[in-house]
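Report on the following structure.
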Amino acid sequence: LDDSELDSKIRVISREDYLAQTLERSPFRDEEGRPIQGSNAEEARLHPRTLIARNPREQIKVPDLISRAIKSHILALRLPKRLRTSVSDMYIALQKNQIHKPTKSAMECDAHIAGLFIQNYASIYQVLSELKKRTKDFNPNKVLDIGFGPATGMIALNQLMGNEFKPEVKDALIVGDKSMKDRAKILLSRQLNEYTGDIKDLELEMDEAQEEMLEDVDENVFQDEIDDRVGAIKTNHIKVKTKLRDYLSPTKKYDLIIATHQLLQDSSRFPFQVDENVDILLKSLSPNGHLVLVERGNPLGFEIVARARHVMIRPDRNGNENGKIPRSYQKNENTKGKNRSNLGKLSEEMEMAKELEERFGSLSEKDLEFEEGLEELEVEDFDKLASNIEESLETIDKDPYHISIVAPCPHHHKCPLQTSKPEYYTTPPGGKLNFCNHEVSVERPPFSLDVKRGKVLASKWGSPTAGRSSIGLPGSGRPNGKNYELASFSYMIAHRSPNDAETVSSIEKRREEATHDDLLGTEGEDQSTWPRIMLQPMKRTGHVTMALCGASGKIEKWTVSKSLKHQIYYDARKSAAGDLWAFGAKSKTVHDMGVNDTKIEKIENFYKNEAKRLASEKRR
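Using UniProt numbering, the first residue of the sequence shown is number 1, and each one after it goes up by one.
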């Protein structure tokens with residue numbers, strides 16, 4: 001064997017020469033070794049457009065102070081067995097009804113926090129993260145959070161925006177048992193941007209000796225020590241910036257409204273209840289404000305969001321108009337008299353306001369000048385009295401409403417997955433119907449691990465009675481279990497355009513110049529119309545296949561091959577479901593994922609055959 005050629009390529013260097021050599025710096029890092037873009041080595045190698053198109057991917061974690069407060073001051077007051085049983089009952093009811101219900105007791109409030117808080121927190125945090133990324137200079141000044149939980153949306157927003165986030169108005173409408181307000185106070189008081197400067201915050205039920213010991217303690221030390229204690233908290237001493245309300249004034253406007261599981265409480269009232277609640281929320285949205293809707297990541301949750309989208313932009317009234325030109329919003333008059341709103345006490349108050357207006361006419365601003373400053377009063381009954389006066393104002397806003405969808409849709413066409421009939425998904429043929437939902441990983445805090453460690457909640461929920469030790473077969477705890485779970489949700493972010501004359505004129509001009517061509521395969525003009533990846537991309541040798549919701553209003557199948565630029569192919573292999581796609585592809589066709597006549601025909605035939613079978617059984 002002749003090694004002479006190999007030996008000629010070998011060079012021996014000394015230790016001094018090795019240490020003296022200058023290593024070539026990575027083109028993806030700066031002089032200090034930090035990534036030139038993004039937060040890690042993978043993101044540093046992506047194209048800047050891909051980085052913009054990416055959805056936030058970090059695993060979400062509930063803040064430690066919030067987690068410790070839940071464990072020490074809420075769940076620790078309950079017997080573990082009773083708490084797990086209550087959580088189990090809640091899961092069974094949720095599986096049966098498919099939608100969330102308001103809490104009716106203090107125990108249900110604690111079960112809601114133990115079993116659903118981290119899922120809801122992660123879903124809202126992920127949606128708000130995308131809103132912040134897609135919106136320039138995102139900093140709402142008037143915020144409203146509506147939900148069944150302990151102001152979960154406000155907690156997520158506070159954590160996302162940081163300690164310096166102190167808007168002018170922070171309201172939280174908690175639907176359900178009043179005990180949830182006490183839990184909300186405890187959790188909100190753990191966030192610095194909720195601090196009002198009162199040292200009495202988070203005062204425990206201690207004896208006099210303990211209280212004297214804490215009088216001269218520094219505030220930072222006080223916060224650390226208070227979280228290590230276990231016990232009930234006197235919530236009447238807690239002062240937070242967020243005002244916890246049980247009603248919604250239709251005369252008050254907000255820059256940001258976060259509504260979690262609030263559009264439908266009775267599935268038999270679909271879609272009328274959704275239409276009515278969407279109208280109420282939009283009437284509370286100020287010009288240039290954002291409405292965030294978060295629902296469950298199941299077929300019913302998707303259909304609720306899709307219906308809300310349909311009501312806002314009315315795709316059928318604008319033909320095949322391309323682009324995301326803001327649409328004029330008009331309330332669906334067919335819902336009148338068919339629904340009772342579920343948003344707190346809003347429905348009764350609005351009916352009262354309408355009746356007063358019909359009798360005595362609308363009130364002017366001068367008639368209500370004496371009301372200024374009423375919101376600063378702390379007496380609950382007087383605050384409610386003031387709300388009744390405020391809500392006698394005219395409830396229908398005369399200003400123009402133009403709505404556009406920020407996310408997740410890259411178009412204003414009809415949703416290609418919407419059936420408008422949630423019952424279709426429960427049929428055998430309906431099992432093949434696809435729907436739009438998203439997932440995010442959330443780390444399980446200690447209180448969640450403790451709750452789900454027992455036998456009652458250890459088994460998989462394969463049937464409505466599974467997980468109950470007296471009925472189903474329990475698991476063995478959670479040996480080698482994961483310390484995280486996936487939060488599944490459907491969502492929508494809507495934007496109300498400014499209502500000044502210049503903006504309205506610009507919208508009308510854009511509508512006159514809009515095209516109505518079929519945009520199958522278009523890459524989109526900017527990130528607002530870039531196609532969104534619906535399923536996890538399929539990586540194959542030499543190419544990547546994506547299912548995209550495109551600007552054409554169809555579900556499209558794009559194939560990115562290796563023959564394209566190396567950067568595009570690399571980015572395609574690093575993409576994931578939920579991301580936008582900022583580049584083209586080798587081939588573009590219509591995907592069979594969307595709803596089509598064949599799928600609907602099979603479902604309708606199933607209903608016809610079932611009707612015939614039932615009629616035949618009755619004749620027997």
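Heads up, the beta-carbon is just placed ideally off N, CA and C, and yes, glycines get one too.
Under the rule that 16 or more other beta-carbon atoms within 10 Å means buried, what is residue 274, buried or exposed? Classification for residue 274: buried.
Spatial neighbours of residue 296 within its chain, please: CB distance less than 8 Å, with the 5 preceding and 5 following residues excluded, ordered by chain position. 98, 99, 100, 261, 488, 489, 490
Helix or strand or just coil, what does DSSP make of residue 596? coil
Please report the straight-line C-alpha distance between residue 608 and residue 145, rounded to a whole angstrom. 44 Å
Straight-line gap, residue 619 to residue 605 (C-alpha atoms, nearest Å): 21 Å
Any idea which residues DSSP pairs residue 295 with across the strands? 490
Please list the terminal residues of the continuous alpha helix (DSSP H) segment that includes residue 415. First-last for residue 415: undefined, no H or E at that position.
Endpoints, alpha helix (DSSP H) assigned at residue 127: Per DSSP, residue 127 belongs to the alpha helix (DSSP H) from 106–134.
How many angstroms separate the CA atom of residue 77 from the CA atom of residue 109? 13 Å
Please look up how many angstroms separate the CB atoms of residue 122 and residue 579, rounded, as I've assumed it's under 8 Å. With a Cβ gap of about 18 Å, residue 122 and residue 579 do not count as contacting.
8 Å Cβ shell around residue 573 - same chain, five flanking residues per side excluded: Residues 537, 539, 544 of the same chain have their beta carbon placed closer than 8 Å to that of residue 573, with the five preceding and five following residues left out of the count.
Please report the distance separating the alpha-carbon of residue 313 from that of residue 286. 17 Å
Taking the Cβ atom as the reference point for each residue, do residue 257 and residue 292 lie within a distance shorter than 8 Å? yes
Relative to the alpha-carbon of residue 534, which residue among 55, 447, 195 has its alpha-carbon at the smallest distance? 55
Going by DSSP in three states, residue 589 sits in which element: helix, strand or coil? strand
Opposite residue 156 in the DSSP bridges: which residues? Paired residues: none, contrary to the question.
Please name the residue in 9, 115, 10, 596 whose C-alpha comes closest to that of residue 449. 115
Using a Cβ-Cβ cut-off of 6 Å (strictly less than) and excluding sequence neighbours within five positions of residue 21, which residues of its own chain qualify? none
Pop quiz: residue 74 and residue 113 are said to be a contact at Cβ under 8 Å. What is the actual Cβ separation, rounded to whole angstroms? Correct: roughly 6 Å between the Cβ atoms.
Does residue 605 come out as helix, strand or coil in the three-state DSSP assignment? helix
As assigned by DSSP and simplified to three states, the class of residue 221: With a pLDDT of only 44 at residue 221, under the threshold of 50, the placement of this residue in the model should not be trusted, and no figure is reported.
Touching or not, the region 429–443 and the region 149–169, by the rule of three or more beta carbon pairs under 8 Å? Put simply, the region 429–443 does not touch the region 149–169. Fewer than three CB pairs are less than 8 Å apart.
Taking the CB atoms as reference points, tell me whether residue 327 and residue 402 lie closer together than 8 Å. yes
Roughly how many whole angstroms lie between the Cα atoms of residue 90 and residue 270? 22 Å
List, from N- to C-terminal side, the alpha helix (DSSP H) runs of 4 residues or more that fit wholly inside the region 486–549. 501–513
From the DSSP output, in three-state form, read off residue 88 for me. Helix.
Check whether residue 71 and residue 171 have beta carbons under 8 Å apart: Their beta carbons are not under 8 Å apart, which means residue 71 does not touch residue 171 by this criterion.
Can you tell me which of 567, 140, 325 puts its alpha carbon nearest to the alpha carbon of residue 42? 567
Bridge partners for residue 580 per DSSP, in chain order? Within the DSSP secondary-structure output, residue 580 pairs in a beta bridge with 532.
Under a Cβ-count criterion, where at least 16 other Cβ atoms within 10 Å of its own Cβ denotes burial, should residue 230 be classed as buried or exposed? exposed
Residue 145 bridges to which residues according to DSSP? 172, 258
Residue environment, residue 284, which counts as buried when at least 16 other CB atoms sit within 10 Å: buried
Alpha carbon to alpha carbon, how far is residue 79 from residue 149? Distance between the alpha carbons of residue 79 and residue 149: 21 Å.
If we ignore side chains and look at the alpha-carbon of each, how far apart do residue 420 and residue 600 end up? Rounded to whole angstroms, residue 420 and residue 600 show a C-alpha spacing of 11 Å.
In the DSSP output, which residue or residues are listed as bridge partners for residue 100? Residue 100 pairs with nothing; no bridge assigned.
Just to confirm the assignment, what range does the beta strand (DSSP E) spanning residue 439 have? 438–443
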